[in-house]
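Visitor: Heads up, the sequence shown is in the working numbering, so the first residue is 1 and it goes up one at a time.
The C-beta atom is built at its ideal place from N, Cα and C for all residues, glycine as well.
Just passing along the structure, written as structure tokens.
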Amino acid sequence: MPRPPSSVSSGPDERSALFGPPTTLERDLWARPESRLLLLSARTCPPLLTEATEGVDWPTFRKLVFAHRLVPHVARSLSEVPTVPSAFCHALQQAEADNAWRQLEMARVLTVVLGALGEAGVPALPIKGPALASWLFGDPARRTSIDLDVLVAPDALAEAFAVVGRIGFESGGKVRGLTAAEAEVVATEFQLKDAAFIHPEWRVSLEIHWRPFRDRGLSTLAEGLAADLRVDTTGLAWRNTRVSAAGAAFVLAHGAMHGYRRLTWLADAAALSERLDEAAWEEVVALAAADGFEGAVLLGPYLAHRLLGAPVPEAVRPRIEAHLPRLRRLAGWCLTETPDHERQMHPATAALGAGLYDRSGDRLRHLWHLLVSPASGELAEADLRPGAAARARRIAARPARLVRNGARWVTGQR
């Protein structure tokens, strides 16, 4: 049963009884009226928000709502608050209606894509997007997604590319024009994991993933997701499928890898805290711990509790306490970049990515891959043919790339 609305909290201090005093990040977010209202509005069961609207600069708040993709959450929370300006309410209601139409259209396209893959015998799994929204919130329109993400087995990659091409999707992005063999070279050596497509008529973007993560070392989590792949000739099974433990771990790992720069990902973590049962949470933690990635998966429930008031699952609480100093450091690196200006090689971003790993060797491996992976556009210059000779040429190019990427890191240009 949903919790009844409460009065507006006094800020992060009431979270201090669990997991320590407020961090600098929390104090900063709660000190600004706009970010404070955003955090309260994004809660699964928002409090009474009349007082929280005092001092809010509404144009600034509007930008935050859209940047963090929280239109459905905020519209639900503020629709009956009398102190919200009528013009803002009207604009928000229109944005909510537009978002609902768009998300339902994406849900339709997802059904078409999965059905086409199923007819071709390609096992597939929708990750994030309408499938996640349907299970977490009961309605695809209750979450904002900008594209569709579908996971397939690596050995079905060429067939999956052909299938989506037959239903009108055109390839784009870093793997444009690559053969299946070249795509495997890119996936193995350059830490890429997906291919981007666009449907010009439907105006829907689609990513076909052959791995859920760039890092091949996260094999236990990847194998858990691979076990969820299925052949679905109707394309409709996603509407009645609960998120598995591996799927939940993926959602949390994805948010952590992006530093929860968009609060919509933290709203997902908060919803998972309420929707997953304790047995599933135990499996989530076990999967992540097996890959040395437990801290990354714990970051979501920790921040969701601290910032969005989400309950802490009992299976997770002792693990958060065990990792608490590191989680508090990681939290300080989250939400530090404006949502639409991610810089992969920015020092704070690299520190966050490395810090998500539990073991020092994995942290060093993460930084090494950042430094030797090509920037956008460099793939066109690389020899991507399979075979020992081409691989030797790619290895020989690493020192120069290391210097270039190191310079970009220092100057913040990547």
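If I measure Cβ to Cβ from Gly224 and keep anything under 6 Å in the same chain, skipping five residues before and after, which residues do I get?
Guide: Ala246, Leu287
Visitor: Return the chain-ordered list of same chain residues with a C-beta closer than 6 Å to the C-beta of Leu125, the five sequence neighbours on each side being excluded.
Guide: Leu151, Asp228, Leu229
Visitor: Going by beta carbon distance, what residues of the same chain come within less than 6 Å of Ala390, once the five residues before and after it are set aside?
Guide: Asp383
Visitor: Taking only three categories from DSSP, how would you classify Leu371?
Guide: In this structure, Leu371 counts as helix in the three-state DSSP scheme.
Visitor: Taking 8 Å as the threshold (C-beta atoms), are Leu276 and Pro313 in contact?
Guide: Yes.
Visitor: Taking a contact to mean a Cβ-Cβ separation below 8 Å, would you say Ser205 touches Ala196 in this structure?
Guide: yes
Visitor: Quickly, what does DSSP pair Ser35 with across the bridge? List them, please.
Guide: Ser35 pairs with nothing; no bridge assigned.
Visitor: What residue from Val403, Arg401, Ala253 has the CA that sits closest to Thr357's CA?
Guide: It should be noted that the sequence gives Tyr, not Thr, for residue 357. The candidate whose alpha carbon is nearest that of Tyr357 is Ala253.
Visitor: Ignoring anything shorter than 4 residues or poking outside the segment 283 to 310, list the alpha helix (DSSP H) runs there in chain order.
Guide: 294 to 308
Visitor: Just to confirm my understanding: we take Thr83, look at its own chain, exclude 5 residues before and 5 after, and list those with CB closer than 6 Å. What are they?
Guide: Closer than 6 Å at Cβ, skipping near neighbours: Thr50, Thr53.
Visitor: In terms of alpha-carbon separation, which member of Asp28, Ser273, Pro59 lies closest to Ala87?
Guide: Pro59
Visitor: Could you pull the start and end residues of the alpha helix (DSSP H) that Leu221 belongs to?
Guide: 219 to 226
Visitor: In angstroms with no decimal places, state the Cα-to-Cα distance between Leu402 and Val372.
Guide: 5 Å
Visitor: Could you check which residue in Ile127, Ala331, Arg142 has the C-alpha nearest to that of Gln420?
Guide: Nothing can be reported for residue 420, as the shown portion of the chain is limited to 1 through 414.
Visitor: For a quick check, are the C-beta atoms of Gly20 and Leu324 less than 8 Å apart?
Guide: Closer than 8 Å, so yes.
Visitor: If we ignore side chains and look at the alpha-carbon of each, how far apart do Arg363 and Thr234 end up?
Guide: Straight-line measurement puts the Cα of Thr234 at about 42 Å from the Cα of Arg363.
Visitor: From Val113, Ala100, Val243, Leu272, pick the residue whose C-alpha is nearest to that of Ile208; which is it?
Guide: The residue among Val113, Ala100, Val243, Leu272 with its C-alpha nearest the C-alpha of Ile208 is Val113.
Visitor: By DSSP's criteria, Arg230 is part of a beta bridge. Which residues make up the other side?
Guide: Ala124
Visitor: Identify whether Ala195 lies in helix, strand or coil by the three-state DSSP scheme.
Guide: strand
Visitor: Taking three-plus beta-carbon pairs below 8 Å as touching, is the segment 255 to 272 in contact with the segment 151 to 165?
Guide: No, because fewer than three Cβ pairs between the segment 255 to 272 and the segment 151 to 165 fall closer than 8 Å, the two stretches do not touch.
Visitor: Ordered along the chain, which non-local residues of its own chain (more than five positions away) have a Cβ less than 6 Å from that of Gly300?
Guide: Leu252, Gly255, Ala269
Visitor: Measure the beta-carbon distance from Thr144 to Arg69 and round it to whole angstroms, keeping in mind my assumption that it falls under 8 Å.
Guide: 4 Å
Visitor: In the structure shown, what three-state DSSP assignment does Ala396 receive?
Guide: helix
Visitor: Out of curiosity, what's the CA-to-CA distance linking Val285 and Leu298?
Guide: 8 Å
Visitor: Work out the CA separation of Leu136 and Asn240 for me, nearest whole Å.
Guide: 12 Å
Visitor: For Arg36, which residues of its own chain have a beta-carbon under 6 Å away from its beta-carbon, when the five flanking residues on both sides are left out?
Guide: Trp30
Visitor: Identify the continuous beta strand (DSSP E) that holds Ile208 and give its terminal residues.
Guide: Under the DSSP assignment, Ile208 falls in the beta strand (DSSP E) whose first and last residues are 204 to 209.
Visitor: So, His366 versus Ala354, is the Cβ gap smaller than 8 Å?
Guide: yes
Visitor: Please list, in chain order, all residues of the same chain as Ala289 whose beta carbon is under 7 Å from its beta carbon, the five residues on each side excluded.
Guide: none
Visitor: So for Leu276, helix, strand or coil by DSSP?
Guide: DSSP places Leu276 in coil when its eight states are reduced to three.
Visitor: Once DSSP output is grouped into helix, strand and coil, what is the label at Asp28?
Guide: helix
Visitor: My parser needs the alpha helix (DSSP H) runs of 4 or more residues fully inside the segment 95 to 119; what are they?
Guide: With a minimum length of 4 residues, no continuous alpha helix (DSSP H) run stays inside the segment 95 to 119.
Visitor: In terms of DSSP beta bridges, what is Gly172 paired with?
Guide: Ala196
Visitor: Can you tell me which residues form a DSSP beta bridge with Leu151?
Guide: For Leu151, which the question treats as bridged, DSSP gives the partners Leu125, His209.
Visitor: Taking buried to mean at least 16 other C-beta atoms within 10 Å of its own C-beta, is Ala162 buried or exposed?
Guide: exposed
Visitor: So, with DSSP's three-state summary, where would you put Leu402?
Guide: helix
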